[in-house]
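In terms of our numbering, the sequence shown has 266 at position 263, counting the first letter as 1, and numbering is strictly consecutive. Structure record follows, encoded as structure tokens.
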Amino acid sequence: MNAKPVDPTGTAAWGRLAQYADGFAPDLRGWFAADPGRAERLTYDAADLHTDLSKGLVTPEILDALIELAREVGLEERREAMFRGERINVTENRAVLHTALRLPEDATLMVDGVNVVTEVHEALRHMFAFAERVRSGAWTGVTGRRIKTVVNIGIGGSDLGPVMAYEALAAYRTPEIECRFISNIDPTDAARKLADLDPTTTLFIVSSKTFSTLETLTNARLCRSWLLDNLRAQRVFDGKDEEAVAKHFVAVSTALDKVAAFGIDPANAFGFWDWVGGRYSVDSTIGTSLAIAIGPERFTEFLGGMHAMDEHFRNTELTHNVPALMGLLNIWYGNFLDAGTHAVLPYSQLLHRFPAYLQQLTMESNGKSVRWDGSPVTTHTGEVFWGEPGTNGQHAFYQLIHQGTHLVPADFIAFANPAYPLKDTTDDGRSVDVHELFLSNFFAQTRALAFGKTADEVRAEGGSNAAREDIVAARVFPGNRPTTSIMAPDLTPAVLGQLIALYEHITFTQGVVWGIDSFDQWGVELGKQLALQISPAVSGDEQAAAAQDPSTRALIDYYRSNRK
């Protein structure tokens, strides 16, 4: 399955798409007028997600060509290879089995002679049992007090996934336990997160597969020192350090020797596998903090939502396959219409960290310039993913999306029912459902982006400036800005799982078209290696400083002369 990738630019479908893109003049107003069934025909259901692609810049002919492109590059075959556990992560010679993390317990998936489903559910049982002990108060700190704060120490996928899901599922969290997350090696992060905590009621989870990640281990040592120093300062503990560490630290890691050397009981280390990439790992034991916050039952629903989307992606024809269609539309926008970025705009404050989570998922996966056989890519790959929750974004960057010169495809996400329903009483005594007001903005923005406002419509509005053509021009909205609308009844654990898996498979689809390995991340390594080499120079080693380039050396000199 890891034979030479198909060059997408050499396929017949790519040629057709290039012809469609040449002089392409989208006309969403005209398309909807000519095709009353467009919205119904381009709206799809996948599990609980209701996805409307009708405001995208796509015609039936373009959609047919995109689906044909997927078939010509072998999307269906490579999809099946992933689900079977073949080693499609070729640069690391690994299977890609984040989908196995959410398989039901009675499933079977044999990889190298081992049923990985059995191992997954053993790890889940271990994690769930621990989560229940913390939630119930059976697990206590070294002074016998129950845990009130869980601090997850990780970075990248060991942080972005858990913190995003923790924020998203606020309505499902137990009120007795707060979770905090330390990731940045900037000491400010640890200092602020620890400032008001009681060491006797704080539990730390050190999340690092190899237990060697620089940022995570540095922060873990800072937290260990904070714990011991404060226990002594409060005069609540005079026993051995290792006793306190063992009661206040657990690990998500497979390096049991390093875990033990740190002072953590290996029995309280929760493992996972090399076929789980960090950015795909929130549904593994990396989600231990989330399991404590929402409980095993809800975490199981979260996994079930992911599995439901996996089943849709694996078994649904491409013509109705939501992740595949969305990924192919991204190919159309990026490779043929020159869109370099992609906005994700959740109309849910609970999803305020979702765009940041997707930045790692998509950009670490598909920010590649060579294909899986080592040959150069033949076209642009990846997009810059970004976004903020509505309506905040409306008062920040929507101006550029509506009237700027850049084409910015945007995914809008909303839920029919709010987690926290509130009503506002207006000055004239009316009662207003605030969620309905909120969603009115969601519906209005996709309509405005699609259909815009013409000069004639501006003039027809009248007003003192209607006759001034310079002002008319400034108030015209060109429209034909592509959006996808994703809705669900509620933001439940299952729906969050579906959203995560949706974007995982969108990312996979694009990677297959480009012929790249979406599951390695060598691009993060060089800077980390150089940081270790430069560190002695920063600390004053003149020989190390002399080995740096002139710019870096000058910056280090500036730092050293200004450090108090």
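The beta-carbon is built from N, C-alpha and C at its ideal position, and this holds for glycine as well. As the structure is a computational prediction, the values presented were derived from the model and not from experiment.
Please name the residue, chosen from L410, W525, H315, that lies closest to G281 on a Cα-to-Cα basis.
W525
*Name the DSSP beta bridge partners of C182, please?*
V153
Checklist entry - According to DSSP, is R478 helix, strand or coil? => result coil
| message | Classify A327: buried if its beta carbon has 16 or more other beta carbons within 10 angstroms, exposed otherwise. | response | buried
> Between H323 and the rest of its own chain, which residues show a CB-CB distance below 7 Å, the 5 nearest in sequence each way excluded?
Replying inline: Y47
Can you tell me which of the three DSSP states V279 falls into?
coil
Fill in: Residue interval of the alpha helix (DSSP H) (run including A73)
63-75
- Contacts around G159, its chain only, beta-carbon distance under 6 Å, and the 5 residues preceding and following it disregarded: G281
Report task. Give the C-beta separation of A458 and V475 to the nearest angstrom, bearing in mind that I take them to be a contact with Cβ-Cβ under 8 Å. Result -> 5 Å
### Task
Return the first residue and the last residue of the beta strand (DSSP E) that W17 is part of.
Where W17 is concerned, there is no enclosing beta strand (DSSP E), although the alpha helix (DSSP H) it sits in stretches over 15-24.
task = Tell me whether P349 sits in a helix, a strand or coil according to DSSP, three-state version.
result = strand
field: Residue from H53, V515, L20, I65 with nearest C-alpha to R81
entry: V515
ask   = What is the rounded straight-line gap between the Cα of F302 and the Cα of T204?
value = 24 Å
*Rank E135, A28, V61 by C-alpha distance to the C-alpha of E300 and give the top, closest one.*
E135
Margin query: Using only the alpha-carbon positions, how far apart do E179 and W142 sit?
Written below: 14 Å
query: Can you name, in chain order, every residue of its own chain whose Cβ lies under 7 Å from the Cβ of F86, other than the five neighbours on each side?
result: T102, R317
Practice problem: Taking only the alpha-carbon atoms, compute the straight-line gap between P539 and L529 and give it to the nearest angstrom. | Solution: 17 Å
Is N565 helix, strand or coil by DSSP? helix
| query | Do F418 and L321 come within 7 Å of each other at the CB atom, strictly closer than that value? | reply | no
Which partner residues does M490 have in the DSSP bridge list? H53, A417
| said: At a threshold of 6 Å, does A258 count as lining the ligand SAH (C-beta to nearest heavy atom)? | reply: This structure lacks the ligand SAH, and indeed carries no ligand of any kind.
Practice problem: Per DSSP, which residues does P379 bridge with? Please list them. | Solution: V373
Check: Beta carbon of N420, beta carbon of P492: below 7 Å?
Finding: yes
What residue range does the alpha helix (DSSP H) around S292 cover? 291-297
Just to confirm before moving on: does the CB-CB distance between I156 and I188 stay below 7 Å? no
Bridge partners of I1, per DSSP? No statement about residue 1 is possible, as the shown extent of the chain runs from 4 to 567 and does not include it.
Subject >> V279 vs L206 beta-carbon contact at 7 Å >> reply: no
Exercise for the section: Quick one: using the 10 Å Cβ neighbour count with 16 as the cut-off for buried, is H438 buried or exposed? Expected result: buried
TODO: Would you mind reading off the limits of the alpha helix (DSSP H) that contains S139?
DONE: 119-139
Where S521 sits in the DSSP three-state scheme:
coil
- Task: Label Y423 either buried or exposed according to how many other C-beta atoms from any shown protein chain fall within 10 Å of its C-beta, with 16 as the threshold for buried.
- Result: exposed
Look up T12 in the DSSP assignment and say whether it is helix, strand or coil.
-> helix
Buried or exposed: A168, going by 16 or more other Cβ atoms within 10 Å of its Cβ? buried
Checklist entry - Given a threshold of 16 other Cβ atoms within 10 Å of its Cβ, counted over all protein chains shown, does D552 qualify as buried or as exposed? => result exposed
Task: Of the residues Y283, E108, R44, the one placed nearest H508, counting alpha carbons only - done: Y283
- Query: How big is the Cα-Cα spacing for K456 and V285?
  - Reply: 43 Å
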